[in-house]
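Colleague:
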Amino acid sequence: MSPSPLLEMRGVTKTYGGTRALDRVDFALDRGEVHALVGENGAGKSTLVKVLSGATPREGGTVSLEGAPAEVRSPADALALGIGILHQGLQLVPHLSVAENVFLGHEPTLRRGPLLDRAALARETKALLAQLGETIDPSARLETLDVARRQLVAIARALSRRMRILVLDEPTAPLTSHEAERLFAVVRRLRGEGVGVIHISHRLDEVFALSDRVTVLRDGKNVLTALTAEIDRNALIRSMVGRDLAGEYPESRSQPGEAILEVEGLVSGRVGPVSLTLRRGEVLGMAGLVGAGRSEVVRAVFGADPRGAGRMRLCGRPVDPRSPREAIALGIGLLTEDRDRLGLIGSLDVRENITLANLRVVARGPFLSKPRERAAVLRLVDELRIRPDGIDRQVSELSGGNRQKVVLARWLHTDCRVLIFDEPTAGVDVGARYEIYLLIRRLVEKGIGVLIVSSDLPEILGICDRVIVLREGKIAGSVLAGEATQETLLALASPGTAA
Numbered sequence: 000m001s002p003s004p005l006l007e008m009r010g011v012t013k014t015y016g017g018t019r020a021l022d023r024v025d026f027a028l029d030r031g032e033v034h035a036l037v038g039e040n041g042a043g044k045s046t047l048v049k050v051l052s053g054a055t056p057r058e059g060g061t062v063s064l065e066g067a068p069a070e071v072r073s074p075a076d077a078l079a080l081g082i083g084i085l086h087q088g089l090q091l092v093p094h095l096s097v098a099e100n101v102f103l104g105h106e107p108t109l110r111r112g113p114l115l116d117r118a119a120l121a122r123e124t125k126a127l128l129a130q131l132g133e134t135i136d137p138s139a140r141l142e143t144l145d146v147a148r149r150q151l152v153a154i155a156r157a158l159s160r161r162m163r164i165l166v167l168d169e170p171t172a173p174l175t176s177h178e179a180e181r182l183f184a185v186v187r188r189l190r191g192e193g194v195g196v197i198h199i200s201h202r203l204d205e206v207f208a209l210s211d212r213v214t215v216l217r218d219g220k221n222v223l224t225a226l227t228a229e230i231d232r233n234a235l236i237r238s239m240v241g242r243d244l245a246g247e248y249p250e251s252r253s254q255p256g257e258a259i260l261e262v263e264g265l266v267s268g269r270v271g272p273v274s275l276t277l278r279r280g281e282v283l284g285m286a287g288l289v290g291a292g293r294s295e296v297v298r299a300v301f302g303a304d305p306r307g308a309g310r311m312r313l314c315g316r317p318v319d320p321r322s323p324r325e326a327i328a329l330g331i332g333l334l335t336e337d338r339d340r341l342g343l344i345g346s347l348d349v350r351e352n353i354t355l356a357n358l359r360v361v362a363r364g365p366f367l368s369k370p371r372e373r374a375a376v377l378r379l380v381d382e383l384r385i386r387p388d389g390i391d392r393q394v395s396e397l398s399g400g401n402r403q404k405v406v407l408a409r410w411l412h413t414d415c416r417v418l419i420f421d422e423p424t425a426g427v428d429v430g431a432r433y434e435i436y437l438l439i440r441r442l443v444e445k446g447i448g449v450l451i452v453s454s455d456l457p458e459i460l461g462i463c464d465r466v467i468v469l470r471e472g473k474i475a476g477s478v479l480a481g482e483a484t485q486e487t488l489l490a491l492a493s494p495g496t497a498a
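Numbering follows numbering that gives the first Met the number 0, with no gaps: position 284 of the sequence shown is 283.
(1) For M0, which three-state DSSP category applies?
(2) Between which two residues does the beta strand (DSSP E) harbouring V152 extend?
(3) Cα separation between A498 and D319?
(4) Across the region 407-419 and the region 322-337, are there enough close Cβ pairs to call them in contact, namely three or more that are closer than 8 Å?
(5) Helix, strand or coil: how does DSSP classify V194 here?
(6) Count the other C-beta atoms from every protein chain shown that fall within 10 angstroms of the C-beta of L479, then say buried if there are 16 or more, exposed otherwise.
(7) Does DSSP put A475 in a helix, a strand or coil?
(8) Are there 16 or more other CB atoms within 10 angstroms of the CB of T143, so buried, or fewer, so exposed?
(9) Could you check the C-alpha separation between R279 and G472 for me, to the nearest Å?
(10) For the 8 Å Cβ check, are there 3 or more pairs between the region 201-221 and the region 403-418?
(11) Are there three or more Cβ pairs, one per stretch, closer than 8 Å when the region 114-126 is compared with the region 55-70?
(12) If you check the beta carbons only, do G509 and L78 fall under 8 Å apart?
(13) For D337, decide whether its Cβ has a neighbour in chain C, counting only Cβ atoms nearer than 8 Å.
(14) For a test of the three-state rule: what should DSSP assign to A483, helix, strand or coil?
(15) Within a Cβ cutoff of 8 Å, which residues of the same chain sit near R232, ignoring the five residues on either side of it in sequence?
(16) Less than 8 Å between C-beta atoms, sequence neighbours within five positions excluded: which residues of the same chain meet that for L141?
(17) Going by DSSP, what residue range makes up the alpha helix (DSSP H) through N100?
(18) Suppose only complete runs of 3+ residues qualify. What are the beta strand (DSSP E) ranges in the region 7-83, listed by chain order?
(19) Take L223 and list the residues in its own chain whose beta-carbon comes closer than 6 Å to its own, dropping the five residues that flank it on each side.
(20) How many angstroms separate the CA atom of R163 from the CA atom of L64?
(21) How about R298 and E261: do their beta carbons lie closer than 8 Å?
(22) Where G476 and G448 are concerned, what is the direct C-alpha to C-alpha distance, given to the nearest angstrom?
(23) How close, in whole Å, do the beta carbons of G43 and V24 come, if the pair is a contact with beta carbons under 8 Å?
(24) Which value, in whole angstroms, describes the spacing of the CA atoms of G330 and T413?
(25) Using a Cβ-Cβ cutoff of less than 8 Å, which residues in the same chain neighbour Y307 once the five nearest sequence positions on both sides are dropped?
(26) When you compare the region 344-355 with the region 373-382, are there three or more beta-carbon pairs, one atom per stretch, that lie closer than 8 Å?
(27) What's the C-alpha gap between V452 and L114?
(28) Name the two residues that bound the continuous beta strand (DSSP E) containing V452.
(29) According to DSSP, simplified to helix, strand and coil, what is Q130?
(30) Which of the three DSSP states, helix, strand or coil, is assigned to D218?
(31) Do you know whose CA, among E295, E396, G41, S294, lies nearest I344's CA?
(32) Applying the 10 Å Cβ sphere with the 16-neighbour rule, what's the burial state of T354?
(33) Whole angstroms is fine: what's the gap from T175's alpha carbon to A328's?
(34) In three-state terms, what does DSSP make of P323?
(35) Go through its chain and collect everything with a Cβ distance to L469's Cβ below 6 Å, but skip five positions before and after it.
(36) Find out if the Cβ-Cβ distance for the pair A425, P173 is shorter than 8 Å.
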């Protein structure tokens, strides 16, 4: 008789309004297994995890742990049962320190009295971060860290509880392949210790490199469970999207022209001097390790961070945007890497988020024209296939991929000559990614200059025409994407290598 699975979910059902988010879903996880859970945005992956974590009650089905029925009615129940969840939306407290976030809720205390043992807190936090190859100061306030480092803190927090089941929901979305591999080493060690890991990712390279089995959800239903070694990439994509895609990246047909954006000697904080040229009709990539200064460069170009030195020209004309408002007026748009915190207003609906940056286009005189606004938004929602397509729906209710499309729709609603994408497909499924790539290609064919910052090296090589690599706040090199490899980019990005 074979041993019971570590986790078994049978016939799990969940409905939101009239939408069946989970339709009699089966899922099993063995001890010492990494089981990938994949599917398009809205396929039901996050809902299944919420049921497992006790955050969402199921309407039908059963959950068993090691053959015994388990009732998980709250996140506290899940923790007590040894189920740890690293959610895609980082559930951290910005005003607390790194160490306080890592051990929030189970802080080590002094043996005498109720006082917090700060020394033990810092020591254990350092040890957890060291497993991830990080040296973040445990006393640093979380809000001072960039998105990638906040993600590493969230991973350390998940590791701080000794769980028998660990769920990683898009854990590497803001990480480079270098940082991701350090995380994978930790996951493999946990697997060797008998921990069961559920890995949710839109990065298929990760799925094939790390998982033992893969389950595909589509429209809330199981469509495939297979040994990862026995399924090929095209078959997996077809199972996820329900159709064949013409490759993962569209072919480049643009012919870059004259310079549209020129940056010379830019210095912002610890970054610089940086000089770059973006040509009309070009997709320029910017790669580098976490902390290399990629986001700082584009935020300074967009006027969101102050520039200590440097000059900029747009279409040959000197410009000096000192705020995002001035940059937008000049025709420069930025899709921020942290779309939920900085790119969207979660309390507003889809319509309001899209038109926010350019209300004058949908106004009649000094007043907003509701019919004109709805017509403009409906056109963009249809063009980008934002789902569900109710434009009065609160944007926080949408999946990660559709929230990203809303941010993109906002910039299409403006008259941009330069669009900067900072991690454009983080947390976006393979089908939506392809749609975004096609749209980027349509933009450059219209003569718009596109600058892409991405931690996903296959994406950088697949969608960009040329790539510049940052290292420790400066440009380490520039290569044509068609002549480069991931190893080339990593060598340029890594400290201690020749530029």
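Yeah, the Cβ is synthetic: ideal placement off N, Cα and C, and Gly gets one too.
Modeller: Result, derived from the coordinates:
(1) Locating residue 0 in the sequence shown gives position 1, where the first residue counts as 1. For M0, the pLDDT reaches just 42, beneath the cut-off of 50, and the residue's location in the model is therefore unreliable, although a value from the coordinates is still provided. Here M0 sits in coil by DSSP.
(2) Looking up residue 152 in the sequence shown gives position 153. Per DSSP, V152 belongs to no beta strand (DSSP E); it is in the alpha helix (DSSP H), 146-159.
(3) Here residue 498 corresponds to residue number 499 of the sequence shown, with the count starting at 1. Here residue 319 corresponds to residue number 320 of the sequence shown, with the count starting at 1. Confidence at A498 is low in this model, with a pLDDT of 48, below 50, so the placement of that residue should be treated as unreliable; the coordinate-derived value is given next. Rounded to the nearest angstrom, the two C-alpha atoms are 30 Å apart.
(4) yes
(5) On the sequence shown, position 195 is the one that residue 194 refers to. Looking at V194 - three-state DSSP - the assignment turns out to be coil, as it is neither helix nor strand.
(6) Sequence index remark: in the sequence shown, residue 479 carries index 480 (1-based). Looking at its Cβ environment, which holds fewer than 16 other Cβ atoms inside 10 Å, L479 is exposed.
(7) Translated into the one-based positions of the sequence shown, residue 475 becomes position 476. A475 falls in the strand class under three-state DSSP.
(8) Here residue 143 refers to the residue found at position 144 when the sequence shown is read from its first residue. Exposed, since its Cβ has fewer than 16 Cβ neighbours within 10 Å.
(9) As a first step, residue 279 must be located in the sequence shown, where it is residue number 280. As a first step, residue 472 must be located in the sequence shown, where it is residue number 473. Whole-angstrom Cα-Cα distance: 25 Å.
(10) no
(11) no
(12) Since the first residue of the chain shown is 0 and the last is 498, residue 509 is not available in this structure.
(13) Although the question refers to chain C, the structure presented lacks it and comprises just one protein chain.
(14) The residue you call residue 483 lines up with position 484 of the sequence shown. Residue state, collapsed to three classes: coil.
(15) Within the sequence shown, residue 232 is the residue found at index 233, counting from 1. The residues are L203, F207.
(16) In the sequence shown, counting from the first residue as 1, residue 141 sits at position 142. Closer than 8 Å at the Cβ level, and outside the excluded window around L141, lie L91, V92, P93, H94, L95, S96, V97, N100, R149, V152.
(17) In the sequence shown, residue 100 corresponds to position 101, counting from 1. Counting along the chain, the alpha helix (DSSP H) containing N100 begins and ends at 97-101.
(18) 18-28, 33-37, 59-64
(19) By one-based count along the sequence shown, residue 223 stands at place 224. Hits under 6 Å: V215, S238.
(20) Counting from one through the sequence shown, the residue named residue 163 turns up at place 164. Counting from one through the sequence shown, the residue named residue 64 turns up at place 65. Taking the straight line from one Cα to the other gives about 10 Å.
(21) Counting from one through the sequence shown, the residue named residue 298 turns up at place 299. Counting from one through the sequence shown, the residue named residue 261 turns up at place 262. Not in contact: R298 and E261 (Cβ atoms no closer than 8 Å).
(22) As a position in the sequence shown, residue 476 is number 477, starting the count at 1. As a position in the sequence shown, residue 448 is number 449, starting the count at 1. Computed Cα separation, rounded: 20 Å.
(23) Looking up residue 43 in the sequence shown gives position 44. Looking up residue 24 in the sequence shown gives position 25. With a Cβ gap of about 7 Å, G43 and V24 count as contacting.
(24) The residue you call residue 330 lines up with position 331 of the sequence shown. The residue you call residue 413 lines up with position 414 of the sequence shown. Roughly 8 Å between the two C-alpha positions.
(25) The sequence position of residue 307 within the sequence shown is 308, counting from 1. In the sequence as presented, Tyr is not what sits at residue 307; that position holds Gly. Excluding sequence neighbours, G307 sits near V266, S267, G268, G271.
(26) yes
(27) By 1-based counting over the sequence shown, the position of residue 452 is 453. By 1-based counting over the sequence shown, the position of residue 114 is 115. Answer to the nearest angstrom: the Cα atoms are 44 Å apart.
(28) Sequence index remark: in the sequence shown, residue 452 carries index 453 (1-based). That run of the beta strand (DSSP E) goes 448-452.
(29) For the purposes of this step, residue 130 is taken as residue 131 along the sequence shown, with counting starting at 1. In this structure, Q130 counts as helix in the three-state DSSP scheme.
(30) For the purposes of this step, residue 218 is identified with residue 219 of the sequence shown, where counting begins at 1. It is coil, neither helix nor strand.
(31) As a first step, residue 344 must be located in the sequence shown, where it is residue number 345. It is E396.
(32) Residue mapping note: residue 354 aligns to position 355 of the sequence shown, counting from 1. Classification for T354: buried.
(33) As a position in the sequence shown, residue 175 is number 176, starting the count at 1. As a position in the sequence shown, residue 328 is number 329, starting the count at 1. When rounded, the distance between both Cα atoms is 32 Å.
(34) The count along the sequence shown starts at 1 and reaches residue 323 at position 324. Helix, per DSSP.
(35) Position 470 of the sequence shown, counted from the start, is the residue given in the question as residue 469. Result list for L469: G287, A291, G292, R293, in chain order.
(36) Position 426 of the sequence shown holds residue 425. Position 174 of the sequence shown holds residue 173. For A425 and P173, yes; Cβs fall inside 8 Å.
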